[in-house]
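First up is the structure itself, then whatever we jot down about it.
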Amino acid sequence: MLARERHKLILELLRKNGTVRTSELVEVMEVSSETVRKDLDYLEQAGQLERVHGGAVPVSGKIVAEPVEKYVSLAARNTQHMDEKAMIVRHAAGLVKEKQVVALDYGSTSLLMAKELARQFRSLTVITNSIQNALALANCRDFTIILIGGILNKEELSLGNDFSAMLDGLHIDVLFMSASGVHPTVGLTDQGFSEARVQNQMRQLASRTVVLADSGKFGKASLVKICALGEVNMIVTDSGLDKAMEDAVRETGVELVVVPWDQAAGKMLVFPGASC
């Protein structure tokens, strides 16, 4: 059993039973007590449980994170929760002004944001590590597109790793950032190491960082931590967010914007291309 599978099982048992015992985990997962100890240490450091003598319990007053399921392809994500994502980006685009420098990371919500910027603005500088974003903006005559170099991730159509030094010295007015998991204790997480490195580089250069995340990503935690919620300026999501989770996120101090459901406004943005 892989470490990620063990972590998922431990958290499932914790949510179901309210506690887990080391001896029981050794038997259920058929691993050594040392392996269980390392798993519990890892989950405790991630803020997902609290170690006690002989096992672990939920973190006091905190919501236990649900692990992100197996990798979902970019092509699939580009068809999922599109109405919610469309409303989120339509609202978030109101934070941008003409002539500003905007940074976009990668992913399905980021692509919708690229298309919305093309729809609303005449002149921007856009920095991105996403090939699909760059292609969506390629016909915008008065847009300057800066595509960060790197190694191509063929699944995500993104560029990452150690070739993003070209970011050094750039100024970003606003970064629109995505994540696979948004959790009040664990923070913002994603599945790609090199992509997370680029996200953090852009975040450190940006005057303002706005996270775009549909409500289905809340309460979940993925493998790679990007940053704590308090290290970004705003999170924009849809009205499907659970009230308890909404309250927990607000308690971290980050500004949370919940966009009211508007079916017509959402479907406006689900289109194959962008015109400039």
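For reference, each letter of the sequence shown is one residue, going 1 to 276 in this note's numbering. Note that beta-carbon positions come from the ideal geometry of N, C-alpha and C, so glycine has one too.
For E50, no alpha helix (DSSP H) segment is defined; the enclosing uninterrupted segment is the beta strand (DSSP E) at 50-52. Check the Cα spacing between G47 and each of E34, H7, L241, L25: the tightest is with H7.
Judged by beta-carbon spacing, A228 lies within the 7 Å limit of G187, meaning their Cβ atoms are closer than that value. Comparing alpha carbon positions, the residue from M1, V257, E116, S180 closest to A221 is S180. Counting the other Cβ atoms within 10 Å of the Cβ of E195 gives 16 or more, which makes it buried. Our two residues, G160 and G55, have alpha carbons roughly 39 Å apart in a direct line. Contact check for V211 against V232 passes: the beta carbons are separated by less than 7 Å. Note: G55 is bridge-paired with R21, V52 in the DSSP secondary-structure output. The continuous stretches of beta strand (DSSP E) do not include T35, which lies in the alpha helix (DSSP H) extending over residues 33-45. Distance from the CA atom of S33 to the CA atom of V52, rounded to whole angstroms, is 15 Å. Taking all protein chains shown into account, G219 has 16 or more neighbouring C-beta atoms within 10 Å of its C-beta and is therefore buried. In this structure, DSSP gives E84 a helical state, which the three-state scheme calls helix. Under the three-state reduction of DSSP, F193 is assigned to helix. Straight through space, the alpha carbons of T237 and K243 are spaced by roughly 13 Å. Residue pairing by DSSP places S130 opposite S158 in a beta bridge. Less than 7 Å divides the Cβ of V174 from the Cβ of V102.
Rounded to the nearest whole angstrom, the C-alpha separation of D41 and S23 is 15 Å. Around the beta carbon of L2, a 10 Å sphere encloses fewer than 16 other beta carbons of the protein chains shown; the residue is thus reported as exposed. Scanning its chain for C-beta atoms nearer than 6 Å, with the 5 sequence neighbours on each side dropped, one finds around W261 the residues S239, in chain order. In the structure shown, V254 adopts coil according to DSSP, grouped into three states. For M113, the uninterrupted alpha helix (DSSP H) segment begins and ends at 108-120. When DSSP reads this structure, A206 sits in a beta bridge with I172. If you compare the alpha carbons of R119, A248, T144 with that of T128, the shortest gap goes to T144. DSSP places A103 in the strand class (E or B) of the three-state scheme.
According to the DSSP assignment, L147 belongs to no alpha helix (DSSP H) but to the beta strand (DSSP E) extending over 144-147. Around E156, the same chain offers L74, Y106 as residues with beta carbons nearer than 6 Å, after the five sequence neighbours per side are excluded.
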